[in-house]
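One structure is given here, and the rest of the page talks about it.
Residue numbers (the working numbering): 591 to 954.
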């Protein structure tokens, strides 16, 4: 085999060297680190929206723990403002006066004796809570099952008795007998919610045309009438130093006495006397017509039907929650009484007439 020419060999070596250098250059370029990308321009942090103020108009007895209200506020970016507007009748009267231009967004405290006037005045707008179906039908029926009102709690008014006075009466008729002369204090139904409930109980029991005579007999038997529950209970009830061992109060009052006692008790210092079927007062909440926060108002009504809120009702307002089968405090068993609910049908005009007739009898 002939030997290669020196020039050919030199060219071959040069080509090989160039190829190697090219390959090395390519490899270095492929492995070179990339320049880091430019960081994006900073974005402005969004400013959280200011909380929406939700104004809730209530009666004077409304109560709920601050912690629960704060929980609602945090969940819904809201600020809840509570305005106490008097008893149930006063709350409704204010709502009617401001119909269409409400003072607030939600009203709580309208009851099944006062709601018809407000409905006629167009005070409320419909709202159907997701928990409405959990409320017993007979309680919803107290408002005609209308979506304008959502029941929240209920209670009964009866007679509370000081056991130091001996044996209590067992019927309403006995209250007109001589042994109970000057022993009973009641509230004016024109100015007091429990007073109106007790009047309704007597009308349901005696019937139209007969209840008037019962109250005439009570008047002659020296019944005492006070404008409100507090004066009747804390001033004239003998348990608090008054001279009347019988007072119109709530079936939950003995349980409240047990709860608030500073001394350890084995039983309450007062007793319930249930002389007849009792009128059941149902309190409701409603969204006010004209509110600018209808959606948030509905959420507050849902909140009032939550297990957390309903479970607090006995301890904060001393009435019964409308959601059944909740775990309630042990002391509440003193309010767990057997009650037959009075059956009575009426209109707003009937209630006005009852009060006029009662006033005519008692202020002669």
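For every residue, glycine included, the Cβ atom is placed at its ideal position computed from N, Cα and C.
Excluding sequence positions up to five away, which residues of its chain have a Cβ less than 8 Å from the Cβ of residue i?
| i | result |
| --- | --- |
| residue 712 | 689, 690, 879 |
| residue 747 | 784, 787, 788, 791, 838, 839, 840, 841, 868, 869, 871 |
| residue 897 | 913, 916 |
| residue 892 | 719, 720, 721 |
| residue 806 | 951 |
| residue 618 | In this prediction, residue 618 has a pLDDT of 49, which is less than 50 and means its spatial position is unreliable; what the coordinates show is noted afterwards. For residue 618, where only same-chain residues beyond five positions count, there are no Cβ hits under 8 Å. |
| residue 730 | 722, 741 |
| residue 934 | 790, 793, 794, 869 |
| residue 884 | 695, 715, 717, 877 |
| residue 826 | 775, 814, 816, 832, 833, 834, 837 |
What's the C-alpha gap between residue i and residue j?
| i | j | result |
| --- | --- | --- |
| residue 957 | residue 811 | In the structure as shown, the chain begins at 591 and stops at 954. Residue 957 is therefore absent and cannot be evaluated. |
| residue 693 | residue 676 | 14 Å |
| residue 821 | residue 830 | 11 Å |
| residue 775 | residue 809 | 11 Å |
| residue 939 | residue 683 | 15 Å |
| residue 851 | residue 639 | 46 Å |
| residue 911 | residue 901 | 7 Å |
| residue 724 | residue 823 | 35 Å |
| residue 659 | residue 648 | 14 Å |
| residue 620 | residue 628 | In this prediction, residue 620 has a pLDDT of 48, which is less than 50 and means its spatial position is unreliable; nothing more can be read from the coordinates. |
| residue 799 | residue 761 | 19 Å |
| residue 652 | residue 757 | 34 Å |
| residue 695 | residue 865 | 40 Å |
| residue 641 | residue 672 | 15 Å |
| residue 749 | residue 769 | 16 Å |
| residue 848 | residue 855 | 7 Å |
| residue 874 | residue 745 | 12 Å |
| residue 644 | residue 707 | 25 Å |
| residue 668 | residue 687 | 27 Å |
| residue 860 | residue 928 | 17 Å |
Taking C-alpha atoms, which residue in the options lies nearest to residue i?
| i | options | result |
| --- | --- | --- |
| residue 709 | 949, 824, 937, 950 | 937 |
| residue 895 | 858, 954, 741, 644 | 741 |
| residue 698 | 667, 743, 669 | 743 |
| residue 818 | 646, 755, 781 | 781 |
| residue 714 | 739, 730, 729, 726 | 739 |
| residue 728 | 932, 707, 657 | 932 |
| residue 777 | 802, 796, 815, 755 | 815 |
Short of 6 Å in beta carbon distance, which residues of its chain neighbour residue i, apart from the five on each side in sequence? Order them along the chain.
| i | result |
| --- | --- |
| residue 678 | 649, 699, 701, 704, 783 |
Quick one: what's got a C-beta closer than 7 Å to residue i's C-beta in the same chain, skipping five residues either side?
| i | result |
| --- | --- |
| residue 948 | 779, 789, 805 |
Exercise for the section: Count the CB pairs spanning the stretch 831-842 and the stretch 698-706 that are closer than 8 Å, and state whether there are at least three. Expected result: no
Exercise for the section: State whether the stretch 943-952 contacts the stretch 877-893, with contact taken as three or more CB pairs (one from each stretch) at a distance under 8 Å. Expected result: no
Handout entry: the stretch 735-744 contacting the stretch 916-925, beta-carbon criterion three pairs below 8 Å
Key = no
Practice task
Take every Cβ of the stretch 906-921, pair it with every Cβ of the stretch 754-765, and state whether three or more of those distances are shorter than 8 Å.
Solution key: no
Practice task
Can you check the stretch 770-837 for any alpha helix (DSSP H) of at least 4 residues that lies completely inside it and give the ranges in chain order?
Solution key: 783-796, 801-810
Exercise for the section: Pick out the complete alpha helix (DSSP H) segments inside the stretch 829-890, 4 residues or longer, and give them in chain order. Expected result: 843-850
Problem - Entirely enclosed beta strand (DSSP E) segments - the stretch 671-713, minimum 3 residues - result: 696-701
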